[in-house]
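J.: Going by this note's numbering, the sequence shown runs without a break in its numbering and finishes at 492.
Here a beta-carbon is modelled for each residue, glycine too, at the ideal position from N, C-alpha and C.
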Amino acid sequence: MRFNCLILSVLLSVVSKAYGTEDNGSHLRRKEYVIPDDSSDEEEPIRRVFVKYQKNMRSNLDAELAKRSSRAKKHYDFRDMDTFVMTLPESELAELKKSKLVESVHDDVKRYPMHIPESIKHRQLQAGTETIPYGIDLVQATEAWEVGARGQGVKVCVMDTGVYGDHEDLPTITGPAITDLSFSEDGVGHGTHCAGTIAAPENNLGVVGVAPEADIYSVKVFSDNGGFAYSSGILAAAQECAAGGADIISMSLGGPLPNLFEILGFRNLLRNGVISVAAAGNFGNGLWSFPASYPGVVSVGAVDENKRKAPFSQFNRQVDIAAPGVDVLSTLPMKAPCQICDQIDAFSYGTISGTSMACPHVAGVLALLASFKPEAEPSEYIRAIENSAEDLGAPGKDREFGNGLIQAYAALEYLNGGPINNVASITKTCNDDTISFTLKMLTDDKASDISWELRSLVDSEVYLSGSHYDDVTAVTVRECIPKNCYIFTMYD
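What follows is the structure, given as structure tokens:
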């Protein structure tokens with residue numbers, strides 16, 4: 001997390017590029033969150049821009065625009081920033097810049113999902129068992145659950161491709177009432193995967209998320225072709241998250257160009273108590289990605305299950321924290337359309353790589369902290385994850401891992417001011433007639449040969465079993481089973 005005026009001034013000096021698409025002056029033109037394409041029938045080039053007008057000159061500029069052009073389209077009216085977002089031909093923009101009513105003009109730049117498409121692998125999980133993805137243990141989520149931090153009462157806003165609302169392994173999905181943009185539909189699968197990493201519940205099936213009792217609020221910013229959104233749409237959606245009561249915003253997205261109004265918008269959100277988390281980028285270089293690299297936004301890099309930096313993860317001094325982002329197992333939509341689901345009838349889970357997958361781990365850990373100590377300030381949660389992270393790479397904060405691998409339990413102790421004692425555990429427990437069974441293993445490069453079973457000594461009944469695992473994968477199974485004597489057998 002950075003609060004650096006020098007960084008802000010540098011960002012303002014390099015804003016550049018964008019292109020071009022709606023009307024009247026509502027504060028949030030919600031239909032414009034999603035821009036399906038960037039095409040135009042106009043021969044003259046068009047530009048999509050933020051137009052900041054002089055204070056108290058909104059109505060005057062509105063009138064001037066009405067006189068100047070019938071081809072200008074207004075997308076957003078950010079009254080708190082004295083700014084319109086609009087599309088208009090280059091020639092008209094040149095004339096508009098000369099108006100005494102206009103203070104400045106800034107391009108509306110593009111934002112993209114931050115996953116690696118070729119990394120997607122579909123998984124058929126064992127029926128009747130719940131798989132714990134390796135990232136859950138890697139970030140100490142299970143240890144946090146044992147002291148009562150499970151995300152309860154915390155709302156995480158997933159700004160993405162939507163979240164599939166009827167998934168059997170996700171909590172009830174809520175979102176803004178937008179007629180033509182259903183927050184509970186996901187034609188890509190990206191948002192559904194991120195939501196599962198944050199808050200898939202403990203329910204004896206599928207997977208479990210970092211904060212299994214957190215609430216998910218979905219704001220759809222990408223169309224079902226998974227293309228791009230504009231920075232104005234990202235800003236409007238972030239404000240919608242706050243209006244919907246979100247405590248944390250998870251943004252598995254980004255782009256190479258900064259925008260002044262995003263900077264101001266995310267700064268204001270933090271001041272109003274909302275933490276924004278974003279993917280650091282997937283180009284494997286030292287360039288900055290936005291909004292992750294803004295002051296006031298938590299930038300997340302990716303590591304694999306062995307805590308090594310992911311080759312694709314961008315590295316720079318803006319990276320704050322690292323989290324699991326390689327072959328992350330999570331939920332996918334259970335019905336078509338789903339762009340990344342090639343066998344929709346057979347699979348509702350899959351592994352994907354990207355800083356997109358690292359970002360929701362951090363959002364989930366922040367939800368654990370907020371549920372543990374809801375009276376704390378956002379800056380306290382951020383300091384806790386940064387100062388308690390497992391140091392990786394060069395000593396101290398570095399460009400590749402930031403402050404290190406995020407550690408939920410260590411962050412709870414930091415937030416608590418020391419060891420956690422006398423905290424009533426509300427974790428999933430077995431009843432008086434059952435006992436807890438836990439299996440942890442790391443498969444080798446011939447995982448297809450591995451299977452196991454847990455069989456009762458009394459009646460020879462098989463109570464639990466597993467097979468068909470991926471190569472070199474961390475597997476955790478936790479279940480409550482009847483009190484009995486058992487034989488555990490593994491076949492390889």
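Which runs of the alpha helix (DSSP H) spanning at least 4 residues fall entirely within the region 165-236, listed in chain order?
T.: Qualifying alpha helix (DSSP H) stretches, in chain order: 190-199.
J.: Leaving aside the five residues before and after Tyr434 along the sequence, list all residues of the same chain whose C-beta is less than 7 angstroms from its C-beta, in chain order.
T.: As a position in the sequence shown, residue 434 is number 434, starting the count at 1. Looking at the sequence itself, residue 434 is Thr, so the reference to Tyr does not match. Answer for Thr434: Cys480, Ile481, Pro482, Lys483, listed in chain order.
J.: Write down the C-beta distance between Gly366 and Ile385 rounded to the nearest angstrom, noting that I regard them as a contact closer than 8 angstroms.
T.: Along the sequence shown, read from residue 1 onward, the residue named residue 366 stands at position 366. Along the sequence shown, read from residue 1 onward, the residue named residue 385 stands at position 385. Checking the sequence shown, residue 366 turns out to be Leu, not Gly. So it is a contact: roughly 7 angstroms between Cβ atoms.
J.: Report, in whole angstroms, the separation of the C-beta atoms of His75 and Asn259, which I expect to be a contact under 8 angstroms.
T.: If you number the sequence shown from 1, residue 75 lands on position 75. If you number the sequence shown from 1, residue 259 lands on position 259. Wrong, their Cβ atoms sit about 14 angstroms apart, outside the cutoff.
J.: For Ala280 versus Ala302, is the C-beta spacing smaller than 9 angstroms?
T.: In the sequence shown, counting from the first residue as 1, residue 280 sits at position 280. In the sequence shown, counting from the first residue as 1, residue 302 sits at position 302. The answer is yes: Cβ separation under 9 angstroms.
J.: Secondary structure at Cys485, three-state DSSP: helix, strand or coil?
T.: Indexing the sequence shown from 1 puts residue 485 at position 485. In this structure, Cys485 counts as coil in the three-state DSSP scheme.
J.: Could you name each continuous beta strand (DSSP E) segment of 3 residues or more that falls completely within the region 250-282, going from the start of the chain to the end?
T.: List check, beta strand (DSSP E) in window: 275-279.
J.: Between which residues of its own chain and Gly284 is the CB-CB distance below 6 angstroms, once the five residues before and five after are set aside?
T.: Within the sequence shown, numbered from 1, the residue matching residue 284 stands at position 284. The answer, listed in chain order, is Pro311, Phe312.
J.: By DSSP's criteria, Val303 is part of a beta bridge. Which residues make up the other side?
T.: Position 303 of the sequence shown, counted from the start, is the residue given in the question as residue 303. According to DSSP, which records beta bridges pairwise, Val303 is partnered with Lys309, Pro324.
J.: Report all residues from its chain with a CB closer than 6 angstroms to the CB of Arg455; omit the five preceding and five following residues, and keep chain order.
T.: Translated into positions along the sequence shown, residue 455 becomes position 455. Once the five neighbours on either side are set aside, the close Cβ partners of Arg455 are Val462, Ile487.
J.: Starting from the Cα of His122, find the closest Cα among Arg399, Ser289, Ser353 and give me that residue.
T.: The residue you call residue 122 lines up with position 122 of the sequence shown. Of Arg399, Ser289, Ser353, the residue nearest in Cα terms is Ser353.
J.: Using the rule of at least 16 other Cβ atoms within 10 Å of the residue's Cβ for burial, across every protein chain shown, is His190 buried or exposed?
T.: The residue labelled residue 190 in the question sits at position 190 within the sequence shown. Buried is the call here.
J.: Under 8 angstroms Cβ to Cβ from Leu415, same chain only, skipping five residues before and after it: list those, please.
T.: Numbered from its first residue, the sequence shown carries residue 415 at position 415. Cβ within range, chain order: Leu369, Phe372, Lys373, Ala376, Glu380, Tyr381, Ala384.
J.: Grab the span of the alpha helix (DSSP H) containing Tyr409 for me, first residue to last.
T.: In the sequence shown, counting from the first residue as 1, residue 409 sits at position 409. Run containing Tyr409: 408-416, per the alpha helix (DSSP H) assignment.
J.: Quick check on Ser388: does DSSP put it in helix, strand or coil?
T.: Residue 388 sits at position 388 when you count from the first residue of the sequence shown. Coil at Ser388, not helix or strand.
J.: Enumerate, from N- to C-terminal direction, the unbroken beta strand (DSSP E) stretches of 3 or more residues contained entirely within the region 418-472.
T.: The region 418-472 contains these whole beta strand (DSSP E) runs: 434-442, 451-456, 462-467.
J.: Does the pairing of the region 259-268 with the region 148-167 give three or more beta-carbon distances under 8 angstroms?
T.: The region 259-268, when compared against the region 148-167, does not touch it at the 8 angstroms Cβ threshold.
J.: In the DSSP assignment, what are the bridge partners of Gly402?
T.: Along the sequence shown, one-based indexing puts residue 402 at 402. Per DSSP, Asp398.
J.: Taking Phe437 as the reference, which of Val274, Glu130, Asn60, Ser289 has the closest Cα?
T.: As a working note, residue 437 is residue 437 in the sequence shown. It is Glu130 whose Cα lies nearest to the Cα of Phe437.
J.: Taking the alpha-carbon positions, what's the Phe290 to Pro256 distance?
T.: Start at 1 with the first residue of the sequence shown, and residue 290 comes out as number 290. Start at 1 with the first residue of the sequence shown, and residue 256 comes out as number 256. Approximately 6 angstroms, taken between the alpha carbons.
J.: What is the DSSP secondary structure of Met490, counted as helix, strand or coil?
T.: Here residue 490 is taken as the residue at index 490 of the sequence shown, counted from 1. Met490 falls in the strand class under three-state DSSP.
J.: Beta-carbon within less than 6 angstroms of Gly393's beta-carbon, same chain only, minus the 5 sequence neighbours each way: which residues are those?
T.: On the sequence shown, position 393 is the one that residue 393 refers to. Result list for Gly393: Glu400, Phe401, in chain order.
J.: Considering only C-alpha positions, which residue in the set Tyr217, Trp452, Ser91, Ala323 is nearest to Gly153?
T.: Position 153 of the sequence shown, counted from the start, is the residue given in the question as residue 153. Answer by Cα proximity: Tyr217.
J.: Determine the closest residue to Lys335 out of Leu329, Ser348, Gly325, with distance taken between C-alpha atoms.
T.: Position 335 of the sequence shown, counting from 1, holds the residue named residue 335. Nearest option by C-alpha distance: Ser348.
J.: Taking 8 angstroms as the threshold, find out whether the region 232-243 comes into contact with the region 184-198 through three or more Cβ pairs.
T.: The region 232-243 is not in contact with the region 184-198.
J.: Figure out for me which residue from Pro378, Val362, Arg58 has the closest Cα to the Cα of Pro324.
T.: On the sequence shown, position 324 is the one that residue 324 refers to. Checked all of Pro378, Val362, Arg58; the closest Cα to Pro324 is Val362.
J.: Using the Cα positions of Pro201 and Ala358, report the straight-line distance between them to the nearest angstrom.
T.: Working through the sequence shown from its first residue, we reach residue 201 at position 201. Working through the sequence shown from its first residue, we reach residue 358 at position 358. The alpha-carbon atoms of Pro201 and Ala358 are separated by roughly 19 angstroms.
J.: Could you have a look at Phe372 and say whether DSSP puts it in helix, strand or coil?
T.: Against the sequence shown, residue 372 aligns to sequence position 372. Note: Phe372 maps to helix in three-state DSSP.
J.: In terms of alpha-carbon separation, which member of Ser91, Glu92, Lys98 lies closest to Gln54?
T.: Translated into positions along the sequence shown, residue 54 becomes position 54. Here the closest residue by C-alpha is Lys98.
J.: Look up Pro360 in the DSSP assignment and say whether it is helix, strand or coil.
T.: The count along the sequence shown starts at 1 and reaches residue 360 at position 360. Pro360: helix per DSSP, three-state reduction.
J.: Give every residue of the same chain whose Cβ lies closer than 8 angstroms to the Cβ of Glu90, excluding the five residues on either side of it in the sequence, and list them in chain order.
T.: Within the sequence shown, residue 90 is the residue found at index 90, counting from 1. Result list for Glu90: Glu44, Pro45, Ile46, Arg47, in chain order.
J.: Is Phe401 near the ligand ZN, in the sense that its beta carbon is under 8 angstroms from a heavy atom of that ligand?
T.: Summarising the ligand content, the structure contains no ligands, and the ligand ZN is consequently not present.
J.: Can you list, in chain order, the residues of its chain with a C-beta nearer than 7 angstroms to that of Ala144? Leave out the 5 residues immediately preceding and following it.
T.: The residue you call residue 144 lines up with position 144 of the sequence shown. Within the same chain, Ala144 has close Cβ partners Leu368, Ala408, Tyr409, Leu412.
J.: First and last residue of the beta strand (DSSP E) that includes Leu61?
T.: The count along the sequence shown starts at 1 and reaches residue 61 at position 61. Not the beta strand (DSSP E): Leu61 falls in the alpha helix (DSSP H), residues 58-68.
J.: Please report the residue range of the beta strand (DSSP E) in which Leu88 lies.
T.: Translated into positions along the sequence shown, residue 88 becomes position 88. Leu88 -> beta strand (DSSP E) spans 83-89.
J.: Within 10 angstroms of the Cβ of Ala236, are there 16 or more other Cβ atoms? Answer buried if so, exposed if not.
T.: The residue given as residue 236 occupies position 236 in the sequence shown. Buried.
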